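Residue numbers (my numbering), protein chains in the order written: chain A, 139 to 625; chain B, 67 to 404.
Listed below in structure tokens is the structure:
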């Protein structure tokens, strides 16, 4: 296969440098690809798609009565991360998650950071995911964010930034494992000579994390379950995948019941106590007696049992306060406050519309900036300035003026690109990276992550609902860096 | 105790039971039709009567009459294979099996899931074959796919509580289908029961045996085609895997493996009703069945099997109700994909 015509188009490319020469860590991969017969890559790609469908690795498209199932497109060209860069990312993530956890614990207890005027109190009070019901709760080990999926992006300056902290119910890790499996099944040639760090032990690590937070009375073998909203949820595949790989039961709210101060599941042999719940439903739906009374997905009375320490929940309810994009702006200060050190991973420069000076700047530069709602995810409630119409900008200006607290703005980033199969050749497509972090007894970062790719030419939107796909992510082992041909 | 697996969720037990029933049902319907296609070629002179029995066997005769009117090849195949509104059509059964499997993916093996998933996707994409000359090929694909699912199940899933619920579903469904095919065919052939020995009767009775894949095994045991022997074979034979007695014995063994109650005793209604029926089949003779009336006997048998199903639902699938936290709605099997 010929790669001569590949263009970086002035973007940072993860595989080629500015002169269109292969980066050292990608050299072996490119040699393998060049040695493939014409059409071979496309054949592997098709085989992967068939496999995905047969394995039922699909997501449901909402609002389609025929129940259309789609596979999430998977691209065979992996993203490669050098060992030393990964080492830096890992240290940065550990520092950030540790600080955010301290912050959440503080917010639901003494609120020292507010008393010390690092963060204005009204920002917390107005945060959509702040849960007053969680005040003075002490989760085991004081851990609030057991599973996180932090979104990272690389800008054209070559720097990696944190784009979002996903502390609530991050999804996508099953694709990290399945993508690797898919690569091994359909494209094994490319692993030759490289030492890619394995990701397969994630379910074991996750189970360890969950068992580590069991209430003390649970004993040596706590009963851990995964709580899913059910088969119609778009992430249902992942829920069943994780439960299966951990060997734990997957339950729905209707399978659980609060009885005499404990949470139990309905089994063929009567009620059985549950010690730890890895819940994949949002705070609002967990317990109709505490949160939204109309929720059918949760378990009435669950929060009382949790508060009494008779069941553990992962992630801890209320931790979404730190997902607020205005709080995001303060994360560097949060790290300095709790860690006594400068942040390792930088934030994207952010304007907080709640502050007058920032708002003026944002309103004058709407055509250049990306405006985001403070409490939305999945690419909703967003204005991409350079791609917007006058009417859209006017609409956002009105929204910002009406509720400045709800909006932040950032420069439009030129996300880095990775070669991606387009018909029979490779073209650059923009990517981001979501590593997964576990926090039980200590903090663990999975060496890999979900690389999402915007498959449409020129698009910066990587979300699965909007034309995104995914790639395998290869973190190289240190000793093998820049390896040449060897067996 | 710590090494003992946690008991199955009631919902999961229900889903695994129905998954197995639906796979078995799809396979049976495909086989009935296949046998009938062959039979039809041998009996060109009585085409009109050949397709109604299939509808009668399915137990959905009233629904069929209302929607399709007369039974001919085209309408019967539509109804039994393609019709998504008929919950017992092949495609509906495969879909229901798949949806149940999806809801318990962490309980069955990945190989089982992939088989039921790809079987459904493949058959769904081949539905147009049903109304072509390649119908037999489609039916064969369905049967093989279901058999493969059964084989994969037994090769990849631990013989744990979920597996026993699976076998319970499979065997009860199989017993039900064998009783229905025998009932319908016997009823139809009754007028000529005295005229045993005509070639057409031989063909008809052979078709009954083929409908349960039992022709060869019957031949080995009894040789000549004699209705009374066929009745004995299909209800009471100890060795053939589709006889009612064999199916109920396996179902009974699984039920006792689930509860831990010793065989031959019972502690819940499901065990008592299944055990009583099994014991009866162990001791009844074919002479008594025929003397009392085969149709009446099979009718009563089906009613008792339905009662067993109801008891299973109450004893295992409904979940324990808790007085202080009543669920919003009654926990019922309709919550499984059924």
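From the three backbone atoms N, C-alpha and C, an ideal C-beta is built for every residue, glycine too. No experiment lies behind these values; they were computed from the predicted model shown.
Asked, Found
"Proximity test, Cβ basis, 8 Å: residue 192/A and chain B", "yes"
"Proximity test, Cβ basis, 8 Å: residue 77/B and chain A", "yes"
"Cα-Cα separation, residue 558/A to residue 617/A", "28 Å"
"Residue 206/B in three-state terms, based on DSSP", "helix"
"Assigned secondary structure, residue 400/A (DSSP; H/G/I helix, E/B strand, else coil)", "strand"
"Buried or exposed by the 16-neighbour rule on C-beta atoms within 10 Å, applied to residue 85/B", "buried"
"Residue 261/B, buried or exposed, once every other Cβ within 10 Å from all chains shown has been counted against 16", "Bear in mind that the predicted position of residue 261/B carries a pLDDT of just 47, short of 50, making it unreliable; the figure below should be weighed with that in mind. So residue 261/B counts as exposed."
"Contacting positions in the region 372-392 of chain A - beta carbon closer than 9 Å to chain B", "374, 375, 377, 378, 379, 380, 381, 382, 383, 384, 385, 386, 387, 388, 389, 390, 392"
"Among 338/B, 299/B, 284/B, the one whose alpha carbon lies nearest that of residue 378/B", "338/B"
"Chain B residues whose Cβ lies nearer than 7 Å to that of residue 555/A", "Chain B residues near residue 555/A: none, gap ~34 Å exceeds 7 Å."
"Every unbroken beta strand (DSSP E) within the region 447-507 of chain A, with a cutoff of 3 residues, ordered by chain", "450-452"
"Segment contact, 8 Å Cβ cut-off, at least three pairs: the region 341-355 of chain A with the region 410-418 of chain A", "yes"
"Any chain B beta carbon closer than 8 Å to residue 218/A", "no"
"Alpha helix (DSSP H) segment containing residue 324/A, residue limits", "311-324"
"Which of helix, strand or coil DSSP assigns to residue 134/B", "helix"
"From 395/A, 268/A, 465/A, 577/A, residue whose alpha carbon lies closest to that of residue 348/A", "577/A"
"Test: residue 168/B CB closer than 8 Å to a CB of chain A", "yes"
"Residue interval of the beta strand (DSSP E) (run including residue 611/A)", "606-613"
"Contact set for residue 538/A: own chain, Cβ-Cβ below 6 Å, skip 5 residues either direction", "491, 545"
"CA-to-CA distance, residue 164/A to residue 331/A, given in whole angstroms", "12 Å"
"Rounded C-alpha distance that separates residue 146/A from residue 154/A", "7 Å"
"Selected residue, minimal CA-CA separation from residue 273/B, among 100/B, 312/B, 146/B", "100/B"
"Residues bridged to residue 591/A (per DSSP)", "569/A, 607/A"
"Per-residue contacts from residue 407/A into chain B (C-beta, under 8 Å)", "73"
"For residue 356/B, the nearest candidate out of 238/B, 301/B, 166/B (CA to CA)", "301/B"
"Distance, residue 572/A Cα to residue 213/A Cα", "16 Å"
"Minimum Cβ-Cβ distance from residue 638/A to chain B less than 8 Å", "Because residue 638/A is not part of the residues shown, which for chain A are 139 to 625, the question remains open."
"Neighbour flag for residue 183/B against chain A, beta carbons, 8 Å", "yes"
"Interface flag, residue 85/B vs chain A, CB-CB below 8 Å", "no"
"Those residues which DSSP pairs with residue 410/A across a bridge", "403/A"
"7 Å Cβ cut-off: residues of chain B touching residue 441/A", "Residues of chain B passing the Cβ test: none, with the nearest at roughly 14 Å."
"Rounded distance between the beta-carbons of residue 419/A and residue 360/A, thought under 8 Å", "Not quite, the Cβ-Cβ distance comes to about 21 Å (not below 8 Å), so this is no contact."
"Any C-beta of chain B under 8 Å from that of residue 280/A", "no"
"Contacts that residue 171/B makes with chain A (C-beta to C-beta distance below 7 Å)", "378, 382"
"Boundaries of the alpha helix (DSSP H) in which residue 634/A is found, first to last residue", "The requested residue 634/A does not occur in the structure, where chain A is confined to residues 139 to 625."
"Span separating the alpha-carbon of residue 621/A from that of residue 238/A", "Here the model assigns residue 621/A a pLDDT of 48, short of 50, so the residue's position is not dependable, and the following value carries that caveat. Using only the alpha carbons, I get a separation of about 37 Å."
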